[in-house]
Amino acid sequence: SETIRKDLPLLGKKVLVTAGPTYEAIDPVRFIGNHSSGKMGFAIADRFASLGADVTLITGPTAEKSTQQLNRIDVVSAAQMLAACKKAFSDVQITVMSAAVADYTPVTTASQKIKKTSSEFSLELKKTEDILATLGKLKTKNQLLVGFALETENEEEHAKGKLTRKNLDLIVLNSLNDKGAGFKMDTNKITIFNKAFEKTVFEMKSKTEVAKDICSEILKLI
Ligand code: CTP
Ligand code: CA
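As structure tokens, then:
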């Protein structure tokens, strides 16, 4: 049987983490993005690496840098993130999907810069594929899948709905109603639900400390 080192409990385990926003191109100079900084995902990836895991970090555009040795894959769009995740997923035991993936992308991307010729302009968008839900369908019994839920109202109901619908093992609820939580901040306040809908509420703390809490909750499931 294998020995588990107390200091490196995830030695030999492969982990996939996603981080950051995605950018959906409108034309060669413009995109639809969001305020995600990537800080939370990078903190989780670094924490897993420091616990001995072999970490693949798939990240959208970000200024963040990892402090650990890991396999970083840079992507831009939701479609690219989906392709990279599908490729990496079957190899890993743990996946944490913390990226803020665009829900909609332009139906067409203009090949030339769009000129301001008309007084009104509207953009047609189509839904992106839900990466987390896709991985939830591919998941086998030896894999753990953890998602996030970013909510502004009926937070707990929405988070539990996503946990079940996407076939997750844990969901990390981020409420934008909590002071000190959210985009670009160095702190976060989370609540975690497991499959039995048991709820663990954490204090507001630095994203580095929040990453430790998330990783410990996942370690409890192994
Ligand atoms: N997610 C994903 N692929 C998408 C959209 C979201 O993998 N195309 C993932 C996010 O990485 C996150 C989780 O789904 O882990 C929840 O994201 P969130 O925006 O809270 O939920 P959605 O399911 O997108 O629903 P809505 O935005 O309508 O609340
Ligand atoms: Ca969304």
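Position 99 of the sequence shown, counting from 1, maps to 773 under this note's numbering, and the rest follow consecutively.
Every residue gets a Cβ at the ideal spot worked out from N, C-alpha and C, and that includes glycine.
Opening and closing residue of the beta strand (DSSP E) in which Ile718 lies:
Here Ile718 belongs to no beta strand (DSSP E); instead the alpha helix (DSSP H) covers 713-724.
Tell whether a beta-carbon distance below 8 Å holds between Leu837 and Lys869.
Yes; because the gap between Cβ atoms is below 8 Å, this pair is in contact.
Ignore the nearest five residues each way along the sequence and tell me which others in Met755's own chain have a CB closer than 7 Å to its CB.
Thr692, Thr696, Ile732, Gly734, Val749, Ala773, Val775, Ile805
Contact between the region 708-724 and the region 780-798 (3+ Cβ pairs under 8 Å):
no
In its own chain, which residues sit with a C-beta less than 8 Å from the C-beta of Ala855, not counting the 5 before and 5 after it?
Taken in chain order, the residues that qualify are Asn848, Ser849, Thr861, Asn862, Lys863, Ile864, Met878.
Sequence-distant residues of the same chain with beta carbon closer than 7 Å to Glu698, five excluded per side
Phe705, Ile706, Ser751, Ala752, Ala776, Thr779, Pro780
Please list the terminal residues of the continuous beta strand (DSSP E) segment that includes Thr769.
768-771
Span separating the alpha-carbon of Gly686 from that of His709
Each residue's CA atom was taken as its position, placing Gly686 and His709 some 34 Å apart.
Could you tell me which residues DSSP pairs with Ala699 in its beta bridges?
Phe705
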